[in-house]
Amino acid sequence: MAAGLVFVKIVLLCTFATLTRTQSNRTVFSPSSSSGCTCDLTGNGCDVNCCCDPDCTSADQQAFTECKDTDTNRDDRVCLSNAALFTFRQNTQFKTETTGSGLFCIIRDNYESRNFYNDVQTASTSEEFSNLKSQSVSAVYDYRSEGTGQTTAASSYKVGDPVLLLFNNGAKGFLSFPKPLFGSECNDNNPAGYRKDNSTECTRSIPVLSSACNKTLPTISARSYYEGFTVAKNPGVLNNNSTNNSTSNSSSSASTPDFVPVVLKQPLKCTTYLGIPRDCPFSVPPYPTYNADNKTCNNVVLEVLYTVQYSNSSTDIVAVMVEFVLGSVASEMGLDLRQKVSISFSKAGSTDTTFQRSGNPGYIIGQPLVAGKLVTVDNKDAIFLSSDRNTWLTIINPSANGACNNSILRTSVTFGVDIRTGCSISFPQTLDGSQCKKLQEIVLNIMSGDLPTYVASFGNSDVNSVGDWVKILNSKPANEAEEGNGGCRNMILGLHIEVLFANFGFLANPQPKIVGVMFKYDDRKDVPYQCGGVQCQPGSSSVEQKVEVITSVGFVDVSDKPQAQIKPRPTFEAKASSDFFFPFL
């Protein structure tokens, strides 16, 4: 029996597909073609691991690790001898697996046609194509776009829907919210979501500043963020007024009550050369202008903040305001401009008394640490907490070129997120003791900023309950910097903020609580002036060297988890009568 099965297996593997020609000149494979050498894909060449390939020599087969020409069992209930599997080839891919627990197996199958697919004729007409498609039991992707037919727009905004715009030329669009896509480059194809407060920073690459510094580049011009379009109060009016607005002029489209203009919020902010924002001397932002003398582009948009108000009785948008922070950038050729865009939503007529917690009660990962300063009001201690949650506890945020010249813009410390930031400061080749001390003072101010003195233990700590706040352990070192060997000695260039937290409450729903905050300053080090090549030659004394200032934050889990305690096994106290072992004892 075993030898017979071996012979059948050899015949099957050596039999190729049998082809027949019908009257329609169509090639038809006979059912026996399923036993052909389906892995022989290379003519006049040996296919790797194809044991039935006649082009493979015995030497080639010795290098095979498996056989791709798998002959699938037609039925797992068919009787098959183990000898037939392991005597055909030395490195066969077959193995013995026991499946099922039946007492019988099929030794002869008298209905072999059930083991083959029925031949399907090729569709030559659209009716035959539809009939074949209707026989499919699998889901078919509908390629037709929803926009091909006439659809009815939604009558109201839903959370996350794009804020729709109507431009003066009749075009429809959405309020763009730039976000970094790959790396830090800004991607403007990102709509602002309805009632989704957000803030982001990204980089604008300007190849040639002198040619881009004009009104033709809308990304750096403030007017392009509020002129030339209006905001649809709801999606329905944009669809209903599409016919009228497409034929009306710009003034009539802007005056319709269904569309809200973007109002410029006063006063405008302009940054100084140190990055400090001040009130601008103008009420309407001018177009960017280029100063060829100092290679500077003025009135460039650095920050954009949209404030959107929605109705108290519906989801309609009733007012949109925008405010800017403008500044000047300098470059002889191109530069990477860092921009910040924010959007916030509020209910019309409501007072701005809302307070967003960082947890209730425990902190939520990614939320800013609640921090403030201890004050005394009416002979009672309390915590003064800023209304801007982005200014509670912050670390340095470098500018686009990595310099520390903008200490106002800082990054919030968020719970559970370890972070490291750095920026560079410059010092000249010729230094004296006073310059080193001044440089050290600048570094300490950059690292610490306007630091708070207390951090809330909980994400919802009350400012009147000082006991729910943790004092920041900050031993600010003295300024001992001095000049030496062409550089500065005893410089401190790093700060590490260590936050200890512990979970409390149920194990299934832990609530993180801050139990300690400490500022650790780096060890003092000498910062020598080093130059290379022609920069060390006489006449190059104005060359400055850059030194990195580092600030980092780390969170440490000091939770005290409960330990399971098992009571000792109880003592078995057996009592029996005095003659229990009678007559043995």
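Numbering (mature numbering (1 follows the signal peptide of the UniProt record, and there is no 0)), first residue to last: -22 to -1, 1 to 563. All residues carry an ideal CB built from backbone N, CA and C; glycine is no exception.
Item                                                                                                                     : Value
Residue 416 - DSSP class collapsed to helix/strand/coil                                                                  : helix
C-alpha distance - residue 161 paired with residue 281, whole-angstrom precision                                         : 20 Å
Cutoff 6 Å; reference residue 240; Cβ partners in own chain excluding five residues on either side                       : 204, 298 and 300
Straight-line Cα distance separating residue 443 from residue 357                                                        : 14 Å
Cross-strand partners of residue 257 (DSSP beta bridge)                                                                  : 247
Where residue 312 falls: helix, strand or coil (DSSP)                                                                    : coil
Buried or exposed (CB count within 10 angstroms, at least 16 for buried), residue 547                                    : exposed
Buried versus exposed, by CB contacts within 10 Å (16 or more), residue 95                                               : exposed
Nonlocal neighbours in the same chain, by C-beta distance under 8 Å from residue 278, ignoring five residues either side : 191, 198, 266, 304, 305, 306, 307 and 315
Terminal residues of the alpha helix (DSSP H) in which residue 107 lies                                                  : 104 to 112
Rounded separation between residue 17 and residue 43 - CA only                                                           : 15 Å
Sheet register partners of residue 279 (DSSP bridge)                                                                     : 304
Span of the beta strand (DSSP E) around residue 390                                                                      : 388 to 390
Start and end residues, alpha helix (DSSP H) containing residue 39                                                       : 36 to 39
In DSSP terms, what residue 205 is bridged to                                                                            : Answer by DSSP bridge pairing: none, since residue 205 is not bridged.
Range covered by the beta strand (DSSP E) that runs through residue 349                                                  : 349 to 355
Per DSSP, cross-strand counterpart(s) of residue 466                                                                     : 461 and 505
Assigned secondary structure, residue 549 (DSSP; H/G/I helix, E/B strand, else coil)                                     : coil
Three-state class that DSSP yields for residue 93 in the structure shown                                                 : helix
Range covered by the beta strand (DSSP E) that runs through residue 480                                                  : 472 to 482
Three-state class that DSSP yields for residue 375 in the structure shown                                                : coil
Spatial distance of residue 274 from residue 311 (CA atoms)                                                              : 10 Å
Cutoff 7 Å; reference residue 367; Cβ partners in own chain excluding five residues on either side                       : 334 and 346
Given 8 Å, three or more beta-carbon pairs between the segment 432 to 440 and the segment 453 to 471                     : no
Residues bridged to residue 535 [DSSP beta-bridge criterion]                                                             : 479
beta-carbon residue 399 near the ligand SAM non-hydrogen atom, thresh 7 Å                                                : In the structure on display, the ligand SAM does not appear, and there are no ligands present to speak of.
Cβ contact check for the segment 242 to 260 and the segment 289 to 298: 3 or more pairs under 8 Å                        : no
C-beta neighbour in chain D for residue 345, strict 8 Å                                                                  : Among the chains in the structure shown there is no chain D, since it carries only a single protein chain.
Sufficient close CB pairs (3 or more, under 8 Å) joining the segment 101 to 116 to the segment 158 to 178                : no
Among 534, 493 and 235, nearest to residue 445 - alpha-carbon criterion                                                  : 493
Residue nearest to residue 134 in terms of C-alpha spacing, selected from 158, 210 and 201                               : 210
Pairwise C-alpha distance: residue 482 and residue 424                                                                   : 35 Å
Residue 535 versus residue 351: straight-line alpha-carbon distance, rounded                                             : 25 Å
Three-way DSSP call (helix, strand, coil) for residue 399 in this model                                                  : strand
Residue 84 in three-state terms, based on DSSP                                                                           : strand
Buried or exposed (CB count within 10 angstroms, at least 16 for buried), residue 101                                    : exposed
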